[in-house]
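These notes concern the structure reproduced below.
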Amino acid sequence: MQNLIINFMSNYTLSIAMVHFIAAVVLFYLVNWVGARSISVGYMQMSIIAKEETAPAFNFLFKVLSPIVFLALFIVTVQVLNHKEFVQASYLIVVYYWLFRTLVIILLGRRKLTNWKLHFIYWVASIVLSIWIYSLVEQVDKILPTPRSLLDQMWILIIMFLYNVFNNIELSRASTLKRKEDYICHQYTFFKKKYGIIISKHCRNEFYEAATYSILICENFNRPKFVRWIEYLRFFFTRTHHTLGVMQVRTNKYISDEESIVKAIDIIKQAGLKHKQKIVTKEKEYSYDSSNSALYEIAGSYNCNNEDYQSEVCSIYEAIKDNYDHIERDYESIVAA
Numbered sequence: 099m100q101n102l103i104i105n106f107m108s109n110y111t112l113s114i115a116m117v118h119f120i121a122a123v124v125l126f127y128l129v130n131w132v133g134a135r136s137i138s139v140g141y142m143q144m145s146i147i148a149k150e151e152t153a154p155a156f157n158f159l160f161k162v163l164s165p166i167v168f169l170a171l172f173i174v175t176v177q178v179l180n181h182k183e184f185v186q187a188s189y190l191i192v193v194y195y196w197l198f199r200t201l202v203i204i205l206l207g208r209r210k211l212t213n214w215k216l217h218f219i220y221w222v223a224s225i226v227l228s229i230w231i232y233s234l235v236e237q238v239d240k241i242l243p244t245p246r247s248l249l250d251q252m253w254i255l256i257i258m259f260l261y262n263v264f265n266n267i268e269l270s271r272a273s274t275l276k277r278k279e280d281y282i283c284h285q286y287t288f289f290k291k292k293y294g295i296i297i298s299k300h301c302r303n304e305f306y307e308a309a310t311y312s313i314l315i316c317e318n319f320n321r322p323k324f325v326r327w328i329e330y331l332r333f334f335f336t337r338t339h340h341t342l343g344v345m346q347v348r349t350n351k352y353i354s355d356e357e358s359i360v361k362a363i364d365i366i367k368q369a370g371l372k373h374k375q376k377i378v379t380k381e382k383e384y385s386y387d388s389s390n391s392a393l394y395e396i397a398g399s400y401n402c403n404n405e406d407y408q409s410e411v412c413s414i415y416e417a418i419k420d421n422y423d424h425i426e427r428d429y430e431s432i433v434a435a
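For the sequence shown, the numbering used here assigns the number 99 to the initial residue and increments by one for each residue that follows.
Right under this line is the structure:
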């Protein structure tokens with residue numbers, strides 16, 4: 099460890115640091131890309147909906163070891179390209195990766211949805227392993243395996259066995275439910291305090307009001323303030339159609355968050371009228387005539403019938419509907435009007 103620190107202080111240049119940081123950012127997007135395509139084998143993505151974690155071992159190994167695998171591939175690549183200077187302190191790629199991931203979580207407003215204890219465990223385990231791997235690399239010229247070393251892999255069978263055992267353990271999702279309920283309640287309270295007067299004035303109906311808050315919370319989760327700032331900058335430079343404001347309303351002119359909410363309420367009401375028309379013309383079965391099915395259709399109209407989005411909005415609606423006393427009565431008044 100002392101040797102690592104001495105070498106770091108004497109040889110770690112700005113150009114090496116920049117290459118390592120760029121590699122860390124590439125790793126971040128690569129992990130997200132691969133993870134999003136690993137849902138079928140149990141990868142857990144961040145979502146407002148509390149989902150069952152069916153593959154805890156896979157999630158742990160993927161999040162901890164994917165930076166290590168990337169580090170090994172990075173070292174092999176720079177060795178093959180004869181740029182061995184970038185091997186110097188390359189374990190910092192993993193450190194930069196976790197710092198960048200943490201920064202993104204904070205900037206996107208996902209702090210209350212993050213299990214920080216587990217996040218810290220991932221962080222420590224991954225960084226410790228990266229330092230250990232790097233210490234081994236320092237002792238050899240190349241890290242590609244020799245034919246003889248490939249024969250000494252009986253531990254792989256043991257690891258695969260343990261992996262399958264632990265991967266079939268179902269973890270309690272009580273803490274996940276609590277974090278996500280707290281997040282939704284916090285967001286609802288925050289937005290009600292900030293936009294409550296505007297929303298109640300333009301809705302004048304508890305169902306439409308709850309629907310507006312549900313979509314508002316979902317849109318803010320998908321496009322947090324930091325991302326919306328970037329969208330506004332892009333709009334000012336391009337002056338083309340963009341989705342702007344906290345409600346992500348498509349427009350060809352500048353609108354504020356408050357204006358986006360007013361426009362969104364109009365869209366929600368129009369979708370509500372279309373739902374009513376289906377009920378009246380019997381295009382929609384009466385057994386599905388409920389505020390939940392109406393909201394599912396409204397969310398679909400709002401965001402191009404994206405089923406994941408519709409499920410997210412309905413999940414938020416279920417969490418906040420207890421704040422209203424006459425939500426079903428107001429929904430029935432829309433259908434009967």
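Heads up, the beta-carbon is just placed ideally off N, CA and C, and yes, glycines get one too. On a predicted model such as this, the values are computed, not experimentally measured, just so you know.
Start-to-end residues for the beta strand (DSSP E) that takes in residue i
i: VAL378; result: Looking at the DSSP string, VAL378 is not in any beta strand (DSSP E); the run it does join, the alpha helix (DSSP H), is 355–378.
Continuous alpha helix (DSSP H) stretch holding residue i: start and end
i: VAL344; result: VAL344 -> no alpha helix (DSSP H), and no H or E assigned at all.
i: THR200; result: 190–205
i: PHE333; result: 323–336
i: THR212; result: No alpha helix (DSSP H) holds THR212; DSSP gives it neither H nor E.
i: ASP428; result: 425–434
i: THR310; result: 304–320
i: CYS412; result: 405–418
i: SER399; result: 389–400
Cβ distance (whole Å) where residue i is taken to contact residue j below 8 Å
i: ILE418; j: TYR293; result: At roughly 14 Å, the Cβ-Cβ gap does not stay under 8 Å, so ILE418 and TYR293 are not in contact.
i: ILE432; j: ASN303; result: 7 Å
i: ALA121; j: PHE172; result: 6 Å
i: CYS316; j: TYR429; result: Contact flag wrong, Cβ pair sits at about 19 Å.
i: PHE168; j: LEU128; result: 7 Å
i: GLU395; j: ALA369; result: 7 Å
i: HIS340; j: GLU329; result: 6 Å
i: PHE289; j: LEU314; result: 6 Å
i: ILE219; j: ALA170; result: Not a contact, Cβ separation roughly 22 Å.
i: ALA223; j: VAL162; result: 5 Å
i: SER388; j: PHE305; result: About 11 Å; that fails the 8 Å criterion.
CA nearest to the CA of residue i, picked from the options
i: THR111; options: TYR422, LEU371 and GLN186; result: GLN186
i: VAL411; options: TYR400, GLY343 and ILE377; result: TYR400
i: GLU524; options: GLU279, SER233 and LEU234; result: The structure shown does not extend to residue 524, since the chain is modelled only from 99 through 435, so no value can be given for it.
i: GLU463; options: GLY343, THR287 and ASN350; result: Nothing about residue 463 can be reported from this structure: the residues present for the chain run from 99 to 435 only.
i: ASP420; options: LEU211, ALA223, HIS181 and CYS283; result: CYS283
i: ILE203; options: GLU405, LYS351 and LYS323; result: LYS323
i: SER113; options: VAL178, ALA170, LEU216 and SER188; result: SER188
i: ARG199; options: GLU183, HIS217, PHE184 and LYS182; result: HIS217
i: LYS361; options: HIS300, PHE288, ILE219 and GLY370; result: HIS300
i: LEU275; options: ILE359, PHE168 and LYS210; result: LYS210
i: GLY398; options: VAL378, ALA309 and LYS351; result: ALA309
i: ILE353; options: LEU331, LYS374, ALA369 and GLY370; result: LEU331
i: MET116; options: ILE296, PHE184, ALA369 and SER164; result: PHE184
i: ALA392; options: PHE333, ILE297 and LYS367; result: LYS367
i: PHE333; options: LYS351, VAL378, PHE289 and ASN318; result: LYS351
i: TRP221; options: GLN285, GLY207 and SER164; result: SER164
i: VAL436; options: ARG321, PHE335 and LYS372; result: Nothing about residue 436 can be read from this structure; the chain reaches only from 99 to 435.
i: HIS181; options: HIS118, ILE363 and LYS374; result: HIS118
i: LYS215; options: TYR232, ARG277, LEU125 and VAL235; result: ARG277
i: ASP364; options: ARG208, PHE335, TYR286 and GLU307; result: GLU307
i: ARG208; options: VAL325, CYS402, SER409 and TYR422; result: VAL325
i: ILE297; options: MET345, ILE359, THR336 and THR349; result: ILE359
i: LEU201; options: PHE126, ALA434 and VAL235; result: PHE126
i: ILE414; options: TYR281, LEU205 and VAL124; result: TYR281
Residue i beta carbon near the ligand FMN (any heavy atom closer than 7 Å)
i: TRP327; result: Although the ligand FMN was asked about, the structure shown includes no ligands whatsoever.
(message) Taking contact to mean 3 or more Cβ pairs, one atom from each stretch, closer than 8 Å, check whether the stretch 181–192 and the stretch 225–234 are in contact.
(response) By the Cβ criterion, the stretch 181–192 is in contact with the stretch 225–234, since at least three pairs of Cβ atoms, one from each stretch, lie closer than 8 Å.
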